[in-house]
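Okay, so here's the structure we're looking at.
Residue numbers (my numbering): 8 to 137.
Here it is as structure tokens:
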């Protein structure tokens, strides 16, 4: 049950990033996040993000632990950035699931996406009491 909740919350985080950085035709903004495949893209991203959070993210947090105290926790933002980059890599380049794409384009959009991801990840941790 906890795994299902984790997948749903990860999918909602990815949707929130898409909601804030997606294409807005009324304001004339181009898409900072491009999604192809609809809800299945968010669910696949949620599964992959859950796997990254369980396997790779603890290793990254352990490696950046000395810098965590030195920079007052700002390394967690870097770890979240690497996590989002890995999600983009695994979903679009490594796995290449037909009809599914989740891509963050541009450096500014990536920085904003990491900020949104970091804030929502704190809420996610509070919900699941990690």
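Glycine residues also receive a C-beta, built at the ideal position from the N, C-alpha and C atoms.
Span of the beta strand (DSSP E), counted from its first residue to its last, around residue i
i, result
"residue 111", "108-111"
Residue span of the alpha helix (DSSP H) that contains residue i, given as start and end
i, result
"residue 39", "Taken as a continuous stretch (DSSP letters only), residue 39 belongs to no alpha helix (DSSP H), as it is neither H nor E."
"residue 74", "72-77"
"residue 116", "114-135"
"residue 10", "9-28"
"residue 94", "82-96"
Status (buried if at least 16 other CB within 10 Å, exposed otherwise) for residue i
i, result
"residue 80", "exposed"
"residue 62", "exposed"
"residue 18", "buried"
"residue 132", "exposed"
"residue 117", "buried"
"residue 12", "exposed"
"residue 130", "exposed"
"residue 136", "exposed"
"residue 70", "exposed"
"residue 72", "exposed"
Whole-Å CB distance - residue i paired with residue j, under 8 Å assumed
i, j, result
"residue 93", "residue 59", "5 Å"
"residue 91", "residue 111", "7 Å"
"residue 21", "residue 56", "7 Å"
"residue 40", "residue 53", "Not confirmed; about 15 Å, so no contact."
"residue 50", "residue 134", "About 18 Å separates the two Cβ atoms, so there is no contact after all."
"residue 14", "residue 120", "About 19 Å separates the two Cβ atoms, so there is no contact after all."
query = Are the stretch 78-87 and the stretch 45-53 in contact at 8 Å, needing three or more beta carbon pairs?
reply = no
task = Give a yes or no on contact between the stretch 107-115 and the stretch 90-98, applying the rule of three or more CB pairs nearer than 8 Å.
result = yes
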